[in-house]
Structure formats: structure tokens, C-alpha cells
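K.L.:
Protein chains in written order, with the working numbering: chain A, 2 to 410; chain B, 2 to 410.
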């Protein structure tokens, strides 16, 4: 079975908002073995929405509409679907009572206009919405299925999970899905794809998705088979091959981000971490403290954005900075050593570089970043030439620092 | 004139990627007075894409396709549009030569498959692409216009600006656009809309768009009129009313973010800033150093994520933390005072709070944040109860700190 998703709402046709519900719906549909073959966004116009529904029914077994179920004149989805199917709308006293009760619970009186939400398309099944007033609707039309879902994500998501997924599962041939997720650091997307494509291509019942961010790549495998052991075998077998090809560059087998993986390693070893940040200005600490409970291993550190602060807060000799420049192996090492000593942490990371757009350091190109690491045994630094604009260089630098620590641990 | 946008690419029908080109295109089209009435995403299937083109031509004066112009078998946009229009494809030796030259410039040999990109739909005008091998195409079809644009944003954007906007402008009735952009801190979106809606509603020739992020709201005004002075008058008049209503909550009249506005104020006053961050863990420093040239006023500071570091790095009495808890007015003040003294900056901000999901401080709910500010004259702190999850609380806290400093300056 294939599906088309229609998002209804003039606000989604402006220059600032995207229909993100479709990503959530696509993920749920793919898990059930349903592929999405078209997505569209249509404004709050009853004729245009009806046209879109008719066009979708020409192509797809399943048509999902999101939005346009509210109480105002702009909310045309019910009317449009009724028009496209040539069905009537029926007032449901039960729904009206539910809406009224919802208002009463919040000590508000229901405004008459809300009764628009109590109309069901003839033959539709009401889908309970526990997070808003507009119920969803499930319509069987010959062999085809239509779903009308509310637009707000906090209403659409639980409603889809609890009301739609079980109904769809009962309609679809039984399938078993098994997934694996890997994360990889320190490798460009194109190199990674070139490396693993020969491994994943032959697995036609496994969908391999590669998602790249600055210095971080996610690989998702999803096997879909008629029996459970086949699905498990396929995903395990391909997963194993990918793990072997990637070796040490693979850092996560459960989707955890690099800051969480490094955090677990530090916690296991009873180690602690401090940072000294120049060009990242706090971004490395911010990433580390994204993880709840990170105070178990991350103590804190220094934002030493100016040369004067490198000297004042970390005790780095001003003559060293003058002779070597702030973007140098010697200063990166001195920053890591200083952060470790000043905080008493077992480990310290430092980052110093030129994020751009202009370089303030003579002879140093934007994108040049030194990462230092001080451990109980040693202090050393690595040089990176990172691509992209200021923002991307800073994100890459954080990722490079975390990955350096991971490899050392 | 109205437009439909069709994004071509099976990768845009998965659960992880959205068509963001359409936002850029919509902004450009709206500026020219063209409204987008439908957007769709179609996979790499020649029949489906041709169907989508035919459906769009039934409804819109302008049809824009993005993506599917590359050299591989998957790239079907040229074939699909030719099919939909009933036109042929013509090989252009000039384009083939350009592609070959592009490869030669990079010291690579052109693979034969790239010649697929040298086919123009009969009657199309080639749109030069200086950032990739696939040229765009401009097709006039009776009164209607079709554009084929490359999918990568770094190719699509400049090509649209330089090749499409001038051609469209020449076709459209002359209009004058004048815009204003405001940014507002410290106010929920719903309160803001309630406050300014009575002002903007009567201005039917001005489009007002409100965009909200954590603690930060943007208001965009766009007046579109047949003559220049009307457009300017409208946007100025409404802008003035909005400024009066918002008063001191309005922090930017040119779209600059809060960290840049605060930075300019510090620079003008010859002041400097340090930070001491607990729950934000570096996020405040990261935001401040997002701005190129921020080393003019931002010196750096301290990530004091644990209580021990608040004592060790900032010299805060451990008994004060024990008696008042780390999330308290006294500790926020001590952190700001300590950061100012240790760095020698004229001003210092501190942030200490519980970002959640659990609270480690007895009696303190997640979302509770104290922001301290030390100036040459005084030290004081403000209490915030911030909504949302860990990530959102941290972003709100940074915004609250920057806004506190702005109001003090």
C-alpha cells in the first residue's frame, strides 16, 4: 500500500513554516511497510483541498490529511473531503457533548462556533483526540482509506499512534520490522557512503538511510520481512558488515549522540572532564551539558575568548601566545594543561582556532582549529582544517574535540 | 499571478528531510507579489512528476520545479516536463562544453553520463548555474511560465536570484515593496499578538508575519503597493504604531539578534562582558561568540557546572551554596561578582538554575533560573520560571540573561 499526505493550512504556504507532521507520519507509515509517494500542502480553500483529495485518491491506497479541523471558517477539511467523496456531513451530538465537557472542565463556556467540529463525514469513524477539541476521522472508501487528523503536532501524534496505527496494522499483511542505528564521527558523508554502499546495496529488504550533520553521520537500517527471524537476520548481518567496515569511526550503536557516549565512558572510568574554549566560546560545554546528569563527570571550565583571558584565567605565558599565536599546538596544549590543573579534573579538552569569516591570526586560514587533550598521563594536540561557515566550523570543532577524547578513552 | 512549487526527489519523501528550498522560493515570490497556492513533493518517477506538472498547470500561472536535474537515471525532471508539455528534448553542445570545461577546471575528466545534463526542453531558455553542472531552464508555455531549478540550495538560491527574479519582475505589473523587521524579547507570542493585532489588522496591503522562538519573537511587515510612497507610508505608519505598543520590549529594528544588539551596546560604551554559567554550561558564551568580532567586548568566563567549581573557580563560599542552594539569588549574585572580579570585565552575567528533566535542588522546580548581573555600580539578580523541556529552558535562560543586560545598558 502507498500513501499520500496532504497538509491543509494557508500558514504552511508562507515563507517561514514547513509541514513537519509529515515526517512523523512518514516514519510511522514506513514502519508499517507503507511508502509515501507524494506530499502536498494546500491552503484553506475548500475547492483546492477537494481537488487535492481527488487527485490523491487516483494514486494512493491511503490518503492522510492533517489540519483544517478547527472551529473557524478557515477550517475546511471536513467540507472538502465530504465534497470530494460525494458524501454528506452528519452532526454528532456525542461529539458536541464531549467538546462541551472539555470546555466545562476548564471552566469555560463552549462558544457556538465549536459545534462545527462535531460534524462527521457520513460513514466516518470518530478518532478520539485527548489533547484538543477536534476529533480525527477514519473513512473507508471502497478499498481505500482516508484519515483526517488535527494539525497541532501534540494532538496529531498521540492520535495517530493510538487510533490509526492499530487500525492500519489490522489492515496490512503482517510484517516484522527490525532496526539498527549507528553513529559515526570524523568522516565525510561521501567517503562513508562510498565505503558502505557495496555492503548495503545487495540487501533489498533493508532500507539504509544516511543522515549527515557537521562531523556526525547517522546510519539507520530498517529490515522489513514477512517473518521475524528473517528481519532480525538481515539487519544483524548487514549491521555486522557495516561495523567491520567502519571500525573505530563508529561511536554509537543505539543512536546516542557523541556527548552522551563520551559521558558514559568518563562515568565508567570514574574520570572527570574540564574544558578551555576559545573559538567555540562555550559551545563544547553547552553540548556536554545537553545530557541530563552530566554533572557526574563534567565539572566545567573556561571560556577564554581573548588572549588576555588565556593568560589571566589559565596562566598561559603571554610570550608563548605572542611567539606561537593563539592558534597553535603549544597554546592548545597549554590551555588543556591549564584547565586540568585549575579544575582538578582528570581530563581536559581545549579548542583554539579561527572560525571565520575573517582570520585574526596572521597566516592562519579560517577553519583552522587546534584541539588539545590533557590526561593524567600526557598532553597532546591535533590540528583540523574544518569546512564551512563560522557556525559550521564551530560545530565541527566541538565534534572533533569530543571524538578526540573518545578515541583517547 | 499564483505559483505552485514541486520538489522532485525520493529522498524528500522519507522520514527525515524536508523541502526547505520552497521557503526561500516563497519568500522571493511573495516579494514580487506572487502567492504560492500549492507545494508538493514527488519522488523520482517520470510519470508521477509529469502528472504533477500537468495538475499544477491546471491551477497556476507559474510552476517551479526544484531538483532532479542531475546526471543520473534518477534525475527525471527534464524528461517529465517534456512529457507533460508534449515537447522534445534537444541536445545543447554549448552546455556540454560548459560542463566539460567545469570538470577540466577541477582537473577531472567529464564522465559521459554528465551529458544528460546538456539536454534542453524544446523552446527553453538555459539559466546559467555558476555553482554546479546542471543549468536551470525557463519555459514559456502560452501565458504560463515553468522554471526548472537545481535541487542543492547553494545552486538554486543564486540561480533564482540572478536568472529568475529579473525575468519575473519584467513580466509582472510594477509593484513597490517596503519591509520592516522588529525583534522582541521577554514576551509570549500570544500576548504579543493580542497586543499588536488591533494595530496591524486594518492594514490590508501590509502582510504581518510573527515568528516565535524561545524568548525571542520576530515581526515582519511587508507593504506591497502600486506606488512607492504608499508602500513606504503604510509600513512606516504601522511600524510606528507597533513600536509604540511594544516600547522597551522591542530590541531590534533591523533583524539583528539579541546577542548582536547587546554586543553593539557594549562596544559603543567601551564596556566588556564576562559570564559565569551553571545550568547553561557554555550556551551563553556560545551565543555571544556567534557574532564575528565579539572579542571586542566579550572576554570569556566560567563554566561552573558543579558546586565545587563555583567555589574553586569563582571563590564562592561553600557555606553560602550549602545554606542558600546553588539556585538562589545569593549564589547568582556571587557568581556575577566573581566573574567580574576574576576577569576584570566591566560587566558580568551569571546563570544558575534547574534545566530539568529532574531537579537536583530540593524545593526548586525544573525551569527555575536565577540570572545575575554585576556592573561597575551594582550587583543584582532576577528570577525566571521558564517553560518547556531542558533544551528550551536553557535557550530561554540565555535569552533572559541577554535581555537583562540589554535593559541595564
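Ideal placement from N, C-alpha and C gives every residue a C-beta, glycine not left out.
1. Suppose the cutoff is 6 Å on Cβ atoms and the five residues either side in sequence are ignored; what does the same chain contact list for residue 346 of chain B look like?
2. For my contact list, residue 261 of chain B and residue 292 of chain B are in at a C-beta cut-off of 8 Å; report their separation, rounded to the angstrom.
3. Please report how far the alpha carbon of residue 398 of chain A lies from the alpha carbon of residue 128 of chain B, in whole angstroms.
4. Nearest to residue 268 of chain A by alpha carbon, out of A/371, A/146, A/294 and A/117?
5. Restricting to runs no shorter than 3 residues, where is the beta strand (DSSP E) found entirely within the region 2 to 54 of chain A?
6. Please report the distance separating the alpha-carbon of residue 2 of chain A from that of residue 182 of chain A.
7. Short of 8 Å in beta carbon distance, which residues of its chain neighbour residue 173 of chain B, apart from the five on each side in sequence? Order them along the chain.
8. Under 8 Å between C-beta atoms, does residue 24 of chain A make it to chain B?
9. If I measure Cβ to Cβ from residue 372 of chain B and keep anything under 6 Å in the same chain, skipping five residues before and after, which residues do I get?
10. Report yes or no: is there a C-beta of chain B within less than 8 Å of the C-beta of residue 28 of chain A?
11. Starting from the Cα of residue 258 of chain B, find the closest Cα among B/327, B/195, B/185 and B/234 and give me that residue.
12. Once you ignore the five residues that flank residue 204 of chain A on each side, which residues in its own chain have a CB closer than 7 Å to its CB?
13. May I ask you to list the residues that DSSP assigns as paired with residue 148 of chain B?
14. Within the continuous alpha helix (DSSP H) that includes residue 317 of chain A, where are the two ends?
15. How should residue 322 of chain B be labelled, buried or exposed, when 16 other C-beta atoms within 10 angstroms of its C-beta is the threshold for buried?
16. Any idea if residue 134 of chain A is buried or exposed, counting beta-carbon neighbours within 10 angstroms, 16 or more meaning buried?
17. Less than 8 Å between CB atoms is the rule here; does residue 310 of chain B satisfy it with respect to chain A?
18. So which of B/59, B/282 and B/131 has the shortest CA-CA distance to residue 392 of chain B?
19. What's the gap between the Cα of residue 176 of chain A and the Cα of residue 253 of chain A?
20. Would the region 155 to 168 of chain A count as touching the region 89 to 96 of chain A if we require 3 or more Cβ pairs under 8 Å?
21. Is the beta carbon of residue 81 of chain A sitting closer than 8 Å to the one on residue 64 of chain A?
22. Below 8 Å, how does it come out for the region 358 to 376 of chain A and the region 307 to 321 of chain A: are there three or more Cβ pairs, yes or no?
23. So, at 7 Å on beta carbons, what are the nonlocal neighbours of residue 206 of chain A in its own chain, with the 5 sequence-adjacent residues on each side left out?
24. Report the partner residues of residue 384 of chain A according to the DSSP bridge assignment.
25. So if I threshold CB-CB distances at 9 Å, which residues from the region 237 to 252 of chain A count as touching chain B?
26. Please state if the CB of residue 153 of chain A and the CB of residue 96 of chain A are separated by a distance shorter than 8 Å.
27. Looking only at DSSP bridge pairs, what is residue 179 of chain A linked to?
28. Does the beta carbon of residue 299 of chain B come closer than 8 Å to any beta carbon on chain A?
29. Using only the alpha-carbon positions, how far apart do residue 148 of chain A and residue 277 of chain B sit?
30. So which residues on chain B does residue 31 of chain A lean against when the C-beta distance must stay under 9 Å?
31. So which residues on chain B does residue 40 of chain A lean against when the C-beta distance must stay under 7 Å?
32. For residue 287 of chain A, does the three-state DSSP call read helix, strand or coil?
33. Following the continuous beta strand (DSSP E) through residue 120 of chain A, name the residue where it begins and the one where it ends.
34. Please name the residue in B/264, B/72 and B/43 whose C-alpha comes closest to that of residue 113 of chain B.
35. Answer with yes or no whether the minimum CB distance from residue 342 of chain B to chain A is below 8 Å.
36. Helix or strand or just coil, what does DSSP make of residue 378 of chain A?
P.N.:
Here's the rundown:
1. The residue you call residue 346 of chain B lines up with position 345 of the second chain. Correct list, in chain order: 273, 274, 275 and 300.
2. Within the second chain, residue 261 of chain B is the residue found at index 260, counting from 1. Within the second chain, residue 292 of chain B is the residue found at index 291, counting from 1. Indeed, because the Cβ distance is near 5 Å, the residues count as touching under 8 Å.
3. The count along the first chain starts at 1 and reaches residue 398 of chain A at position 397. The count along the second chain starts at 1 and reaches residue 128 of chain B at position 127. Distance between the alpha carbons of residue 398 of chain A and residue 128 of chain B: 37 Å.
4. Position 267 of the first chain holds residue 268 of chain A. Per the Cα distances, A/294.
5. 3 to 9 and 36 to 43
6. In the first chain, counting from the first residue as 1, residue 2 of chain A sits at position 1. In the first chain, counting from the first residue as 1, residue 182 of chain A sits at position 181. Their Cα atoms are separated by approximately 26 Å.
7. Sequence index remark: in the second chain, residue 173 of chain B carries index 172 (1-based). Cβ within range, chain order: 2, 33, 34 and 35.
8. Residue numbering aside, residue 24 of chain A sits at position 23 when the first chain is read from its first letter. Residue 24 of chain A counts as touching chain B.
9. On the second chain, position 371 is the one that residue 372 of chain B refers to. For residue 372 of chain B, where only same-chain residues beyond five positions count, the Cβ hits under 6 Å are 352, 383, 401, 402 and 405.
10. Counted from its first residue, the first chain places residue 28 of chain A at position 27. Cβ-Cβ to chain B under 8 Å: yes for residue 28 of chain A.
11. Against the second chain, residue 258 of chain B aligns to sequence position 257. If we check each option's Cα against that of residue 258 of chain B, B/185 comes out closest.
12. For the purposes of this step, residue 204 of chain A is taken as the residue at position 203 of the first chain. Result list for residue 204 of chain A: 235 and 239, in chain order.
13. Locating residue 148 of chain B in the second chain gives position 147, where the first residue counts as 1. Partner(s): B/65 and B/139.
14. As a first step, residue 317 of chain A must be located in the first chain, where it is residue number 316. Unbroken run through residue 317 of chain A: none, as it is neither H nor E.
15. In the second chain, counting from the first residue as 1, residue 322 of chain B sits at position 321. Buried, by the Cβ-count rule.
16. Locating residue 134 of chain A in the first chain gives position 133, counting from the first residue. Buried.
17. As a working note, residue 310 of chain B is residue 309 in the second chain. Closer than 8 Å to some Cβ of chain A, the Cβ of residue 310 of chain B qualifies, so yes.
18. The sequence position of residue 392 of chain B within the second chain is 391, counting from 1. Ranking the options by Cα distance to residue 392 of chain B, first place goes to B/282.
19. The residue you call residue 176 of chain A lines up with position 175 of the first chain. The residue you call residue 253 of chain A lines up with position 252 of the first chain. Going from the Cα of residue 176 of chain A to the Cα of residue 253 of chain A covers about 27 Å.
20. no
21. Here residue 81 of chain A corresponds to residue number 80 of the first chain, with the count starting at 1. Here residue 64 of chain A corresponds to residue number 63 of the first chain, with the count starting at 1. Cβ atoms of residue 81 of chain A and residue 64 of chain A: not closer than 8 Å.
22. no
23. Taking the first chain and counting its residues from 1, one reaches residue 206 of chain A at position 205. For residue 206 of chain A, where only same-chain residues beyond five positions count, the Cβ hits under 7 Å are 224, 225, 226 and 235.
24. Position 383 of the first chain holds residue 384 of chain A. In DSSP, residue 384 of chain A forms a bridge with A/371.
25. none
26. Reading the first chain from its first residue, position 95 is the one you call residue 96 of chain A. Reading the first chain from its first residue, position 152 is the one you call residue 153 of chain A. It is not a contact, given that the beta carbons lie outside the stated cut-off.
27. Position 178 of the first chain, counting from 1, holds the residue named residue 179 of chain A. In DSSP, residue 179 of chain A forms a bridge with A/224.
28. On the second chain, position 298 is the one that residue 299 of chain B refers to. Yes - at least one Cβ of chain A is within 8 Å of the one on residue 299 of chain B.
29. Here the question's residue 148 of chain A lines up with position 147 in the first chain. Here the question's residue 277 of chain B lines up with position 276 in the second chain. Rounded to whole angstroms, residue 148 of chain A to residue 277 of chain B spans 51 Å at the Cα level.
30. Here residue 31 of chain A refers to the residue found at position 30 of the first chain. Simply 15 and 16.
31. Here residue 40 of chain A corresponds to residue number 39 of the first chain, with the count starting at 1. What residue 40 of chain A touches in chain B: 14, 41 and 42.
32. In the first chain, residue 287 of chain A corresponds to position 286, counting from 1. Helix at residue 287 of chain A.
33. Walking along the first chain from the start, residue 120 of chain A turns up at place 119. Counting along the chain, the beta strand (DSSP E) containing residue 120 of chain A begins and ends at 120 to 122.
34. Locating residue 113 of chain B in the second chain gives position 112, counting from the first residue. Of B/264, B/72 and B/43, the residue nearest in Cα terms is B/72.
35. Counted from its first residue, the second chain places residue 342 of chain B at position 341. Cβ-Cβ to chain A under 8 Å: no for residue 342 of chain B.
36. Numbered from its first residue, the first chain carries residue 378 of chain A at position 377. Residue 378 of chain A falls in the coil class under three-state DSSP.
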